[in-house]
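Novice:
Number of protein chains: 2
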Amino acid sequence: MKQLAPPMYIGALVAASLAAASPGIAQDLSAMTQSPNQWVMTGRTYDVNRYSPLTQINTTNVTHLVPSWTFSVGTLRGQEGNPLVVGNVMYLSSSFPNKVYALDLTKDGAPQIWQYTPEQDANVIPIACCDVVNRGLAYHPATADHPAGILYIELLQGDLLALDAKTGKKVYQVKSADFHKGETMTNAPLVVKNVVIAGISGGEFGVRGRVTAYDAMDGHELWRAYSTGPDADVKITGVPNQNYESMRGKDLGVSTWQGDEWMRGGGTTWGWYSYDPELNLFYYGSGNPGTWNPDQRPGDNKWSMSIWARNPETGEVKWVYQMTPHDAWDYDGVNEMQLVDLAIGGKQVKALVHFDRNGFGYTLDRTNGKVLVAEPYGPVNWAKSIDLTTGRPVEVPEKRTTAKGNTEGICPAAIGFKDQQPSAYSPKTKLFYVPTNNICMDYEGVEVKYQAGQPYVGAIVRMFPGPGGNRGAFIAWDATTGKRVWTIKENLAAYGGALATAGDVVFYGTMEGWLKAVDAKTGKVLWKFKTPSGIIGNPMTYIGPDGKQYIAVLSGIGGWAGIGVAAGIGAEDPTAGLGALGAFGDAGQFTTQGGVLTVFALDNAPAKAASGR
Amino acid sequence: MKQLAPPMYIGALVAASLAAASPGIAQDLSAMTQSPNQWVMTGRTYDVNRYSPLTQINTTNVTHLVPSWTFSVGTLRGQEGNPLVVGNVMYLSSSFPNKVYALDLTKDGAPQIWQYTPEQDANVIPIACCDVVNRGLAYHPATADHPAGILYIELLQGDLLALDAKTGKKVYQVKSADFHKGETMTNAPLVVKNVVIAGISGGEFGVRGRVTAYDAMDGHELWRAYSTGPDADVKITGVPNQNYESMRGKDLGVSTWQGDEWMRGGGTTWGWYSYDPELNLFYYGSGNPGTWNPDQRPGDNKWSMSIWARNPETGEVKWVYQMTPHDAWDYDGVNEMQLVDLAIGGKQVKALVHFDRNGFGYTLDRTNGKVLVAEPYGPVNWAKSIDLTTGRPVEVPEKRTTAKGNTEGICPAAIGFKDQQPSAYSPKTKLFYVPTNNICMDYEGVEVKYQAGQPYVGAIVRMFPGPGGNRGAFIAWDATTGKRVWTIKENLAAYGGALATAGDVVFYGTMEGWLKAVDAKTGKVLWKFKTPSGIIGNPMTYIGPDGKQYIAVLSGIGGWAGIGVAAGIGAEDPTAGLGALGAFGDAGQFTTQGGVLTVFALDNAPAKAASGR
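If you read the sequences in order, they're chains A and B. Just so you know, the first sequence maps onto residues 7 to 619 in the numbering used here. Just so you know, the second sequence maps onto residues 7 to 619 in the numbering used here.
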């Protein structure tokens, strides 16, 4: 972890940086993340560790946490993501139609400064496989033309929208994906210098996964890099991964597929992206191969299910590592890549830690894509282990699915022991805090014909609770050894994100709507509050203009796990909702649709002196 | 006020009453209202005074009030009404499609016991003039067949629905209104003994207003009494009102109309109903005459715009008093009738206090319908006064509207200085607490032809802020003299209801979403909290199983004042939303759509001993 800048008045910080900046030249977003008071990107810092150095709220006083104000985002479908706080303004977005708000933190109850409701084609709604979620905004620092900076949001219908942060007026809107072909957009973009990088959803529609970079100021396309196809399209210029035999070779994105199946090869890119400014690499995962029916696409299906390291300015691949070759379980590899420097086997390593849907927690060397640790973080039974020599899973043959029959009792289910819900890391405890699912499944491949814009799923899945019956858990994980340190069981999945703080309190949300505060060392639940709806968003924290520390979280049930409640699907068919109803068909007994930001502070905590800000 | 029963354990009270009751014979709902711990009918007591004898939360400690838990009702349109609390269960309903919930107060976060979502025809949505609101549930005490009692809700599409309170299963559903003719249902029913009385909305569709009584157990119709037409239909058997010349005579519901216009004569009945068990009379108001164009319906248009006293078992009229003969302003007279015994001019009077949309605060003798006090509670300019001899307003001729031209600058506007938002009364301060609008208007009649199920408005209205520019106020009122005692100005209307408590704290909500606590004596704002959305519901209070006092309020902007935000109508046309957009076109800058119950308690207040419950 970097040394933190001493707390200072944000306004002054911004003003000073602005004065130094030439007109039209961006401030450094990295520098802004050094202020612990604000939260300028989705994971707070580029390493997506969701760790705050703030300490006002700690294990002693967290029991005094109470809601300070609340805000309805005006939509009811699943609310993923989290707000940003830049200076004294909070920015947040909603599920479809992706409303964007700026709230004034200097005023009682944080009234709106502006709101923006994008015009979107409602025909996109059924194209979203797993609810019409949005994972939030990205921010570009102030420029001469945009004195409060620019906000970016990926619209479900496939546009990248840029808004002036001061006025809420559109800067530009560019078409990046075509929902008529099944391509949608749900993830939070990544801003690096003058580049905005957007992903794509639609792995159930035979789309071709990719990341696309745009000029932050005018939205013109800088580059596009696919997950499948020839190296030129994938932007592989050298050896994809020098550590593993099966990942060396030319045009593996074509040769590991049958015929032209790579053209509808999936490998979507809707997770949280991280970035290492020193290495100038950004990291993300690619999703399941197109069609869930493995029999229809022999081969490794590269580069679906892979971890990527790319140069943000050129898109060029530094390395890529495929976790689940020839996926037969929809172990969509999009989950975030946390960047932490760790001591492993007595050596300091620039590590990347990733909790994959396939049930393994990976620790890699992020400079070269070599796996250092890969251990199950839940009761995995489809593979015995990850072979560190080949980089490939050691599969359990009877759990490999096929279209020849139903394969029963596979753990984890397609939804993974962790799905999109992002984990956190505390440099104080050196532990990862992982919100998990505990769901297994039956899976049967089904022959499916590709037709643009039509579902290309090709499998019947029925999910059910994993061993123990609890459908989720919040766990602490040591990534140097690949071991759980503690576990908090949850009845439903811990489908919201985690927040770690220097106050040694870790926060997470549950599908029932509880926001919980936990002792980072022991996993003891110290406090909880019932928000209006199930939480699938991510808690975040900031210092308000009054010098007090606040915790904010979106509630609003939905996403894949909550699709039954969000879309009003009954529990009669356990294969409905791509199998989710089998595991979560009763979620409606525990929560209701909603869309509210709840912001917490310590009750009657004395306001800090001005110097505290 | 009645002497209160000493606080006791509700369960014991219910059990004792049940033991005494014969199978199938109802407990006495009146007796249940004597427990200050629960809230078994919409206004807490039959007098709809929205007064709680609870004192845990008082002027000294109310600053420590914090949210204890929250619950999303799963719909976004305007949330009027308030929950009921019976024993340890909270019951609440939502805007269309009128979801009903039972929440278990004995468990952390009050999880659902059951929920019920009525199947309704979505074609009813555009038939609702002023948002698809619902004003809440009515409760019938336990019977042998229904050990937790029965709940009643009026569905927007026109059905009275009865649900078993223990299981949430339908007891019956009867059609009471036909939305194809413009008839909808939005108000909270009234339960008296074995009778459930339901109202009707649709005054903008030329419906014929009425109240209908049903058998509480099986839903068969007991009687129906119209607001217009022959005395037999209106259930007038004697002199309608012996105090006033113009209200004596036979079949005035026909003779004060031209031709058969009384058949589409309006006089809807969607307000809050009160009941006097001693007099065995229930009280309510009837709304505007059919078509807002006065030129099209010469005459007094009886009995629109009237206060009614009826026998709940037969429907027979005891007396009726028309406030606004030949209405030319849509001063829909449905606002609630509060029943209070007051000392007026040295005499103790069984009074009825009513704040009408026409801007006058009325105090009547509720035994005979005689007006004792009628004074403006806002800057009225359409009438100089109410003549206490004739019972009629002394009009200002230039403010009488017509279809011959636009009449400008009328105060109050059609929405009234008070609309549906119910007021409260404290027997401690002897003051009424009235949430008000401060809105004026221009009004022009327009010739309109009746067609069943089509709007029959017949006027173009543009509303705008009243004198001073504040669009609302929360006021304290002395009904014995007809004078304001104090005023709290609000930027937007105080469009939510009021709650008075024996702790000398009065609560009310604002369209911005603030719940405010006020010193009952001085009107000093002691505390406020920003709920997720604008408040148009009513705060209520109860004692939880832990012995602590809770305050609960629904937020969710909508209703007539909030129709712009609720229905997504822009502010371009100030006559849109039946004129509301002219006054509230900017409401979306202050709030967003929502639907959340927020429940408050004192932070860290020690739980009371069992005897405190």
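The beta carbon of each residue, even a glycine, is placed where N, CA and C say it ideally should be.
1) Output, in chain order, the set of chain B residues within a Cβ distance shorter than 9 Å of Q118 of chain A.
2) With a threshold of 16 other CB atoms inside 10 Å of the CB of V605 of chain B, please say whether the residue is buried or exposed.
3) Are there 16 or more other CB atoms within 10 angstroms of the CB of V402 of chain A, so buried, or fewer, so exposed?
4) If you draw a straight line from the alpha carbon of N88 of chain B to that of T81 of chain B, how long is it in whole angstroms?
5) Would you kindly report the start and end of the unbroken beta strand (DSSP E) that includes A469 of chain B?
6) If you draw a straight line from the alpha carbon of I156 of chain B to that of H146 of chain B, how long is it in whole angstroms?
7) Please list the residues of the stretch 70 to 90 of chain B that have a C-beta atom closer than 9 Å to any C-beta atom in chain A, keeping them in chain order.
8) With C-beta atoms as the reference, is Y97 of chain A less than 8 Å away from Y281 of chain A?
9) Spatial neighbours of P29 of chain B within its chain, please: C-beta separation below 7 Å, excluding the five flanking residues on both sides.
10) Check this for me: beta carbons of F211 of chain A and G459 of chain A, under 8 Å apart or not?
11) Which parts of the stretch 497 to 554 of chain A are runs of the beta strand (DSSP E), unbroken and 3 residues or longer, counting only runs that do not cross its ends?
12) Would you verify that the beta carbon of D4 of chain A is, or is not, closer than 8 Å to some beta carbon of chain B?
13) Could you give the residue range of the alpha helix (DSSP H) that holds T39 of chain B?
14) Can you give me the Cβ contacts of V531 of chain A inside the same chain, cut-off strictly under 7 Å, excluding the 5 residues immediately before and after it?
15) Would DSSP call G259 of chain A helix, strand or coil?
16) Just the chain B side, please: which residues come within less than 9 Å of P103 of chain A by C-beta, in chain order?
17) Can you list, in chain order, the residues of its chain whose CB lies under 6 Å from that of I31 of chain A, leaving out five sequence neighbours each side?
18) One question on the structure: do Y337 of chain A and G474 of chain A come within less than 8 Å of each other, judged by their Cβ atoms?
19) Given that K536 of chain B touches chain A, what residues does it touch there, using C-beta distances under 8 Å?
20) Using 10 angstroms around the beta-carbon of T65 of chain B, count the other beta-carbons present and answer buried if the total reaches 16, otherwise exposed.
21) May I ask you to report which of helix, strand or coil DSSP gives M343 of chain A?
22) Considering only residues of the stretch 355 to 403 of chain A, which uninterrupted beta strand (DSSP E) runs meet the minimum length of 3 residues and lie entirely inside it, listed in chain order?
23) Using Cβ-Cβ distances below 9 Å, what residues of the stretch 517 to 535 of chain A are close to chain B?
24) Specify the secondary structure class of R316 of chain B as computed by DSSP and reduced to three states.
25) Got a sec, what are the start and stop residues for the beta strand (DSSP E) L166 of chain A sits in?
26) If we call anything under 8 Å between Cβ atoms a contact, is V467 of chain A one with A420 of chain A?
27) Would G235 of chain A and W276 of chain A be called neighbours here (beta carbons separated by less than 8 Å)?
28) Measuring straight from C-alpha to C-alpha, what distance separates Q302 of chain A and T407 of chain A?
29) Quick check on DSSP: helix, strand or coil for Q595 of chain B?
30) Taking buried to mean at least 16 other C-beta atoms within 10 Å of its own C-beta, is E453 of chain A buried or exposed?
31) Please list, in chain order, all residues of the same chain as G570 of chain A whose beta carbon is under 8 Å from its beta carbon, the five residues on each side excluded.
32) Beta-carbon separation of Y122 of chain A and L90 of chain A under 8 Å?
33) Since I63 of chain A contacts Q599 of chain A with CB under 8 Å, what's their CB separation in whole angstroms?
34) Between G384 of chain B and H360 of chain B, what straight-line distance do the alpha-carbon atoms span, to the nearest angstrom?
35) Using 8 Å for Cβ pairs, my map puts Q427 of chain A next to A500 of chain A. What's the rounded Cβ distance?
36) Quick check: what's the CA-CA separation for N497 of chain B versus N444 of chain B?
Specialist: Reading from the atomic positions:
1) What you label residue 118 of chain A is simply residue 112 of the first sequence in a count that begins at 1. G594, Q595, F596, T597, T598, listed in chain order.
2) Position 599 of the second sequence, counting from 1, holds the residue named residue 605 of chain B. Buried, because 16 or more other Cβ atoms sit within 10 Å of the Cβ of V605 of chain B.
3) Taking the first residue of the first sequence as position 1, residue 402 of chain A is located at position 396. Under this definition V402 of chain A is an exposed residue.
4) Translated into positions along the second sequence, residue 88 of chain B becomes position 82. Translated into positions along the second sequence, residue 81 of chain B becomes position 75. In a straight line, the C-alpha of N88 of chain B is about 15 Å away from that of T81 of chain B.
5) For the purposes of this step, residue 469 of chain B is identified with residue 463 of the second sequence, where counting begins at 1. The residue you asked about is not Ala; residue 469 of chain B is Met in the sequence shown. From DSSP, the beta strand (DSSP E) with M469 of chain B extends over 465 to 471.
6) Start at 1 with the first residue of the second sequence, and residue 156 of chain B comes out as number 150. Start at 1 with the first residue of the second sequence, and residue 146 of chain B comes out as number 140. Going by the C-alpha atoms only, they are around 5 Å apart.
7) H70, V72, P73, S74, W75, T76, F77, S78, V79, G80, T81, L82
8) Within the first sequence, numbered from 1, the residue matching residue 97 of chain A stands at position 91. Within the first sequence, numbered from 1, the residue matching residue 281 of chain A stands at position 275. The answer is no: Cβ separation not under 8 Å.
9) Locating residue 29 of chain B in the second sequence gives position 23, counting from the first residue. Because the pLDDT at P29 of chain B is just 41, under 50, the model does not fix this residue reliably, and the point stays unresolved.
10) On the first sequence, position 205 is the one that residue 211 of chain A refers to. On the first sequence, position 453 is the one that residue 459 of chain A refers to. Taking 8 Å as the Cβ cut-off, F211 of chain A and G459 of chain A qualify as a contacting pair.
11) 504 to 507, 511 to 515, 520 to 525, 531 to 536, 546 to 549
12) In the structure as shown, chain A begins at 7 and stops at 619. Residue 4 of chain A is therefore absent and cannot be evaluated.
13) Residue numbering aside, residue 39 of chain B sits at position 33 when the second sequence is read from its first letter. It spans 35 to 39 - the alpha helix (DSSP H) in which T39 of chain B sits, taken as one unbroken run.
14) Position 525 of the first sequence, counted from the first residue, corresponds to residue 531 of chain A. Taken in chain order, the residues that qualify are I494, K522, V524.
15) In the first sequence, the residue the question calls residue 259 of chain A occupies position 253. In this structure, G259 of chain A counts as helix in the three-state DSSP scheme.
16) Counting from 1 along the first sequence, the entry for residue 103 of chain A is found at position 97. In chain order: nothing, as chain B lies at least about 11 Å away.
17) Residue numbering aside, residue 31 of chain A sits at position 25 when the first sequence is read from its first letter. Residue placement at I31 of chain A is poorly supported in this model, since its pLDDT is 42, which falls under 50; the coordinates are not used for a value here.
18) Start at 1 with the first residue of the first sequence, and residue 337 of chain A comes out as number 331. Start at 1 with the first residue of the first sequence, and residue 474 of chain A comes out as number 468. It is not a contact, given that the beta carbons lie outside the stated cut-off.
19) Here residue 536 of chain B refers to the residue found at position 530 of the second sequence. Residues of chain A passing the Cβ test: W75, T76, F77, D114, G115, A116.
20) If you number the second sequence from 1, residue 65 of chain B lands on position 59. Buried: at least 16 other Cβ atoms inside 10 Å.
21) In the first sequence, the residue the question calls residue 343 of chain A occupies position 337. Coil at M343 of chain A, not helix or strand.
22) 366 to 371, 376 to 382, 389 to 392, 399 to 401
23) E518, G519, W520, K534, F535
24) Here residue 316 of chain B corresponds to residue number 310 of the second sequence, with the count starting at 1. Note: R316 of chain B maps to strand in three-state DSSP.
25) Within the first sequence, numbered from 1, the residue matching residue 166 of chain A stands at position 160. Looking at the DSSP string, the run of the beta strand (DSSP E) that includes L166 of chain A is 165 to 170.
26) In the first sequence, counting from the first residue as 1, residue 467 of chain A sits at position 461. In the first sequence, counting from the first residue as 1, residue 420 of chain A sits at position 414. Contact flag set, yes.
27) Taking the first residue of the first sequence as position 1, residue 235 of chain A is located at position 229. Taking the first residue of the first sequence as position 1, residue 276 of chain A is located at position 270. No, Cβ-Cβ distance for G235 of chain A and W276 of chain A is not below 8 Å.
28) Numbered from its first residue, the first sequence carries residue 302 of chain A at position 296. Numbered from its first residue, the first sequence carries residue 407 of chain A at position 401. Taking the straight line from one Cα to the other gives about 12 Å.
29) Stepping through the second sequence from its first residue, residue 595 of chain B is reached at position 589. Of the three classes helix, strand and coil, the one that applies to Q595 of chain B here is helix, per DSSP.
30) Start at 1 with the first residue of the first sequence, and residue 453 of chain A comes out as number 447. E453 of chain A is exposed by the Cβ-count criterion.
31) Sequence index remark: in the first sequence, residue 570 of chain A carries index 564 (1-based). Hits under 8 Å: G576, A577, A582, G583, A586, L587, F590, G591, A593, G594.
32) Translated into positions along the first sequence, residue 122 of chain A becomes position 116. Translated into positions along the first sequence, residue 90 of chain A becomes position 84. Cβ atoms of Y122 of chain A and L90 of chain A: not closer than 8 Å.
33) Here residue 63 of chain A is taken as the residue at index 57 of the first sequence, counted from 1. Here residue 599 of chain A is taken as the residue at index 593 of the first sequence, counted from 1. At roughly 29 Å, the Cβ-Cβ gap does not stay under 8 Å, so I63 of chain A and Q599 of chain A are not in contact.
34) For the purposes of this step, residue 384 of chain B is identified with residue 378 of the second sequence, where counting begins at 1. For the purposes of this step, residue 360 of chain B is identified with residue 354 of the second sequence, where counting begins at 1. Roughly 14 Å between the two C-alpha positions.
35) On the first sequence, residue 427 of chain A is found 421 positions in, with the first residue counted as 1. On the first sequence, residue 500 of chain A is found 494 positions in, with the first residue counted as 1. 7 Å between Cβ atoms; contact.
36) Here residue 497 of chain B refers to the residue found at position 491 of the second sequence. Here residue 444 of chain B refers to the residue found at position 438 of the second sequence. Rounded to whole angstroms, N497 of chain B to N444 of chain B spans 10 Å at the Cα level.
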